[in-house]
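K.L.:
Number of protein chains: 2
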Amino acid sequence: MRVVCLAGGVGGAKLADGLQQILAPGELTVVVNTGDDLEIHSLAVSPDVDTVLYTLAGIAEPTQGWGIAGESWQVMGQLARLGDETWFRLGDRDIATHLFRTDRQRRGVRPTEVTIELARSLGVQSRVLPMTDEPVRTRVRTTDGWLDFQEYFVRLRQEPSVLEVRFEGIENATVTPEVRDALRAAEAIVVAPSNPIVSIAPILAVPGLLAEIATARQRGVPAVGVSGIVGGKALRGPADRMMESLGEDSTALGVARRYVAAGLLDVFVLDRVDEELAAAVRALGPEVVVTDTIMTDAGSRALLAREMLSAAAWQGAVRAEDRHAGGAAPRPQAADPATGEEASR
Amino acid sequence: MRVVCLAGGVGGAKLADGLQQILAPGELTVVVNTGDDLEIHSLAVSPDVDTVLYTLAGIAEPTQGWGIAGESWQVMGQLARLGDETWFRLGDRDIATHLFRTDRQRRGVRPTEVTIELARSLGVQSRVLPMTDEPVRTRVRTTDGWLDFQEYFVRLRQEPSVLEVRFEGIENATVTPEVRDALRAAEAIVVAPSNPIVSIAPILAVPGLLAEIATARQRGVPAVGVSGIVGGKALRGPADRMMESLGEDSTALGVARRYVAAGLLDVFVLDRVDEELAAAVRALGPEVVVTDTIMTDAGSRALLAREMLSAAAWQGAVRAEDRHAGGAAPRPQAADPATGEEASR
């Protein structure tokens with residue numbers, strides 16, 4: 000099953016890892032947010048792309064949500080001695096990635112091609128694609144004024160409230176041939192439990208990308224999403240607080256509302272703790288599957304991935320039925336978390 | 000005594016260290032070759048400037064002639080895993096220097112200002128100045144064709160014979176205000192035992208720099224040089240082989256001939272093993288001092304520095320006498336290596 004997963008950093012990387020575990024090599028394409036990108040110490044850093052790459056390569060630092068496991072910090076230590084800013088921490092091996100990227104991009108190689116090269120060198124079996132090759136920079140208007148995303152996110156530890164979000168450069172961004180081909184070949188589209196405002200929204204804002212998704216859905220390709228806000232709390236990062244300060248529901252319902260508004264959603268996966276939101280989400284249009292969504296280890300990543308693909312496959316079948324006559328396929332059951340097997344198989 | 004030292008990498012750095020040891024803080028300015036500079040992994044690397052900085056900061060790796068003592072190699076190891084070229088080795092802490100430089104230069108800060116910042120952060124008490132702020136790249140025509148200097152020097156280990164040398168960009172290079180001020184304030188000019196062809200020649204080729212030196216010499220400022228070729232062998236690097244393949248004497252006499260031709264030399268310091276060349280050098284014009292020139296430790300660096308400044312001071316006195324009436328000052332004696340005290344004091 001050829002799957003395109005839209006992803007930001009940590010949550011996106013975890014679900015991508017789950018998908019990679021259960022799909023055949025090459026079946027997964029992860030389209031990753033680049034609005035978080037920054038230039039620092041002259042390096043082109045693409046934090047979400049790298050988190051996905053490192054996670055799929057099995058070398059990601061397991062707890063902090065960025066970087067490579069077992070890193071050393073010699074470069075950073077010396078930069079500090081030289082009086083340079085060090086609020087955005089970069090490990091030594093991580094810096095090699097940025098040097099590789101920066102050097103090639105300066106020579107005119109597209110970010111997509113660089114990412115494909117990095118994935119190959121790191122032994123990643125899936126396709127990892129930046130959402131676009133053009134520079135897009137997420138900026139947030141906060142109670143401290145307009146800030147670059149990483150200033151808000153890392154330097155100020157997400158303390159100021161976000162009042163407005165802009166994706167600078169998005170009007171000049173284009174869908175890459177690689178993203179277009181992946182969406183045209185997709186048999187399911189998966190929206191990872193990433194921040195809907197600053198991880199998923201920039202991807203959807205690339206001109207032409209939603210149209211490709213709409214075309215795919217018209218072909219009957221199901222789109223399935225999951226919330227990174229569970230029980231009203233973001234699993235990681237400031238998504239809940241951002242939703243709130245932007246005047247949206249800081250719940251899985253708020254997340255679903257965004258995806259439905261973007262015309263993105265056939266099925267939405269809710270965590271069991273959010274079961275009471277199921278009716279409200281269903282009222283927006285999508286089917287709802289309730290299951291365990293929190294990915295604490297490799298097994299739970301694969302389990303959520305299986306749930307989502309199972310729901311997508313079922314939904315795809317429903318839509319095929321709809322197109323051919325109208326009979327409904329049986330609704331998917333939640334997987335049994337004890338065995339990792341879908342009950343519906 | 001305000002001293003300007005023209006220097007390349009290792010030999011230049013050692014003599015600069017000797018000069019720094021015996022001068023008051025701030026009295027020494029080292030004008031360093033930048034023809035060896037390169038861009039690699041997107042980093043602006045200035046090998047001779049860094050060798051001088053690290054040596055004067057007391058953090059230079061003591062044997063290999065480049066880099067920082069006790070380096071780690073995490074970035075390079077990961078770059079190798081990513082399939083990047085690694086023939087030009089960069090340690091982790093060294094990379095911090097290059098990131099610092101690259102970042103600032105991309106923002107429009109002049110290499111001179113960056114070098115002054117680096118020197119301050121590293122606690123260097125002397126002024127270290129790139130020979131120019133404009134990019135100059137030494138290229139060598141060899142039996143393998145035209146090569147960038149570092150390709151010849153590092154990647155091909157100086158194996159091909161050098162048939163021609165060019166300093167690309169030199170016609171657009173200018174003397175920086177800082178180098179000009181240092182030369183105008185100088186009380187002695189010292190030419191370090193660096194490669195005369197690819198370390199000292201690029202400095203002298205910066206348009207306007209020789210004219211500044213000539214003006215200083217007209218003021219009576221003595222210029223004293225020393226050979227990095229001793230007993231017909233380069234102390235380090237390919238200077239002897241380059242002199243030979245370029246059809247010059249691969250001896251201290253050949254080195255002296257170059258400096259005399261450039262109008263650079265009042266006094267030339269010969270190693271004791273080259274004593275038989277003294278008459279031939281003297282026949283070219285400069286006075287000659289014979290002493291131990293090989294710098295094996297901090298003490299011998301200071302000793303050579305003392306010799307050279309002593310010879311310069313004496314020559315300056317002679318020239319002052321010449322200007323005022325004509326009586327000769329007593330000729331300098333070689334320092335006593337046992338005590339490090341000049342016999343002439």
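First to last, the protein sequences are chains A and V. As numbered in numbering that gives the first Met the number 0, residues 0 to 344 make up the first sequence, in order. As numbered in numbering that gives the first Met the number 0, residues 0 to 344 make up the second sequence, in order. Glycine is no exception: its CB is placed at the ideal position from the N, C-alpha and C atoms. What you are looking at is a predicted structure, and each value in this text was computed from that prediction instead of being measured.
Do you know offhand how far residue 202 of chain V's Cα is from residue 297 of chain A's?
P.N.:
Distance between the alpha carbons of residue 202 of chain V and residue 297 of chain A is about 60 Å.
K.L.:
Which residues does DSSP pair with residue 228 of chain A in a beta bridge?
P.N.:
The partner list for residue 228 of chain A (beta bridge, DSSP) reads A:233.
K.L.:
Which one of A:166, A:52, A:76 has the shortest CA to CA distance from residue 67 of chain A?
P.N.:
With distances taken between Cα atoms, residue 67 of chain A lies closest to A:52.
K.L.:
Within its chain, find whatever has a CB closer than 6 Å to the CB of residue 178 of chain V; leave out the 5 residues flanking it on each side and keep chain order.
P.N.:
30, 128.
K.L.:
Hey, residue 223 of chain A and residue 254 of chain A: beta-carbon distance below 8 Å or not?
P.N.:
No; because the gap between Cβ atoms is not below 8 Å, this pair is not in contact.
K.L.:
Between residue 167 of chain V and residue 136 of chain V, is the Cβ-Cβ spacing less than 8 Å?
P.N.:
In contact: residue 167 of chain V and residue 136 of chain V (Cβ atoms closer than 8 Å).
K.L.:
Output needed in chain order: residues of the region 74-95 of chain A with a Cβ under 9 Å from some Cβ in chain V.
P.N.:
Cβ contacts with chain V come from 74, 75, 76, 77, 78, 79, 80, 81, 82, 83, 90, 91, 92, 93, 94, 95.
K.L.:
Please list the residues of the region 97-113 of chain V that have a C-beta atom closer than 8 Å to any C-beta atom in chain A, keeping them in chain order.
P.N.:
Listed in sequence order: 98, 99, 101, 102, 105.
K.L.:
My understanding is that residue 234 of chain V touches residue 7 of chain V, with C-beta atoms under 8 Å, so please give their C-beta distance in whole angstroms.
P.N.:
Their Cβ separation, rounded to whole angstroms, is 12 Å, which puts residue 234 of chain V and residue 7 of chain V out of contact at 8 Å.
K.L.:
For residue 230 of chain V, which residues in the same chain have their Cβ closer than 8 Å to its Cβ, ignoring the five residues on either side in sequence?
P.N.:
The residues are 270, 272, 273.
K.L.:
Reducing DSSP to helix, strand and coil, say where residue 39 of chain A ends up.
P.N.:
DSSP places residue 39 of chain A in strand when its eight states are reduced to three.
K.L.:
Less than 8 Å between CB atoms is the rule here; does residue 41 of chain V satisfy it with respect to chain A?
P.N.:
Yes, residue 41 of chain V counts as interfacial toward chain A.
K.L.:
Are the C-beta of residue 120 of chain A and some C-beta of chain C separated by less than 8 Å?
P.N.:
Given the protein chain composition of this structure (A and V), no chain C is represented.
K.L.:
Pairing CB atoms from the region 206-222 of chain A with CB atoms from the region 68-80 of chain A, are three or more of them under 8 Å?
P.N.:
Contact fails: fewer than three Cβ-Cβ distances are below 8 Å.
K.L.:
Tell me which same chain residues have a C-beta within less than 7 Å of the C-beta of residue 153 of chain V, skipping the five on either side of it?
P.N.:
These residues qualify, in order along the chain: 86, 87.
K.L.:
Using beta carbons (cut-off 8 Å, strictly below), is residue 71 of chain V in contact with chain A?
P.N.:
Yes, residue 71 of chain V lies at the interface with chain A (some Cβ there is under 8 Å from its Cβ).
K.L.:
Under 8 Å Cβ to Cβ from residue 14 of chain A, same chain only, skipping five residues before and after it: list those, please.
P.N.:
For residue 14 of chain A, where only same-chain residues beyond five positions count, the Cβ hits under 8 Å are 4, 6, 189, 191, 192, 225, 294, 300, 303, 304, 307.
K.L.:
From the DSSP secondary-structure annotation, give me the bridge partner or partners of residue 187 of chain V.
P.N.:
Residue 187 of chain V is bridged to V:2.
K.L.:
Nearest CA to the CA of residue 110 of chain A: which residue from A:146, A:39, A:33, A:65?
P.N.:
Of the candidates A:146, A:39, A:33, A:65, the one whose C-alpha sits nearest the C-alpha of residue 110 of chain A is A:33.
K.L.:
Which stretch, first to last residue, makes up the alpha helix (DSSP H) that contains residue 99 of chain A?
P.N.:
Element bounds for residue 99 of chain A: 91-105.
K.L.:
Looking at C-alpha atoms only, which residue of V:27, V:65, V:289 is the closest neighbour of residue 252 of chain V?
P.N.:
Looking at the Cα atoms, V:289 is the closest of the given residues.
K.L.:
Chain A partners of residue 117 of chain V, CB-CB under 8 Å?
P.N.:
The answer, in chain order, is 81.
K.L.:
Assuming residue 37 of chain V contacts residue 147 of chain V (C-beta within less than 8 Å), just tell me the rounded distance between them.
P.N.:
Confirmed, about 7 Å.
K.L.:
Look up residue 17 of chain A in the DSSP assignment and say whether it is helix, strand or coil.
P.N.:
Helix at residue 17 of chain A.
K.L.:
So residue 200 of chain A packs on residue 262 of chain A, CB below 8 Å; how close in whole Å?
P.N.:
Between residue 262 of chain A and residue 200 of chain A the Cβ distance is about 13 Å, and since that is not below 8 Å, they are no contact.
K.L.:
Pull up the distance between the alpha-carbon of residue 19 of chain V and that of residue 115 of chain V, whole angstroms please.
P.N.:
For residue 19 of chain V and residue 115 of chain V, the distance between alpha carbons rounds to 16 Å.
K.L.:
Using 8 Å for Cβ pairs, my map puts residue 142 of chain A next to residue 159 of chain A. What's the rounded Cβ distance?
P.N.:
Their Cβ separation, rounded to whole angstroms, is 5 Å, which keeps residue 142 of chain A and residue 159 of chain A in contact under 8 Å.
K.L.:
Out of A:319, A:185, A:56, A:249, state which residue places its alpha-carbon closest to the alpha-carbon of residue 1 of chain A.
P.N.:
Minimum Cα distance to residue 1 of chain A is reached at A:185.
K.L.:
Tell me which same chain residues have a C-beta within less than 6 Å of the C-beta of residue 194 of chain A, skipping the five on either side of it?
P.N.:
Excluding residues within five positions, the ones whose Cβ falls inside 6 Å are 7, 236, 238.
K.L.:
What is the DSSP secondary structure of residue 174 of chain A, counted as helix, strand or coil?
P.N.:
DSSP places residue 174 of chain A in coil when its eight states are reduced to three.
K.L.:
Just how far apart, CA to CA, sit residue 28 of chain V and residue 126 of chain A?
P.N.:
Spanning the two alpha carbons is a distance of roughly 54 Å.
K.L.:
On the criterion of 16 or more Cβ atoms from any shown chain inside 10 Å, does residue 221 of chain A qualify as buried, or is it exposed?
P.N.:
Its Cβ being crowded by 16 or more others within 10 Å, residue 221 of chain A is buried.
K.L.:
When we look at the beta-carbon of residue 319 of chain A and count the other beta-carbons within 10 Å, is it buried (16 or more) or exposed?
P.N.:
Burial call: exposed.
K.L.:
Would you list the residues sitting across from residue 267 of chain V in a DSSP beta bridge?
P.N.:
The partner list for residue 267 of chain V (beta bridge, DSSP) reads V:224, V:287.
K.L.:
According to the neighbour-count rule (16 or more other Cβ atoms, all chains shown, within 10 Å of its Cβ), is residue 156 of chain A buried or exposed?
P.N.:
By the neighbour-count rule (16 or more Cβ atoms within 10 Å), residue 156 of chain A is not buried but exposed.
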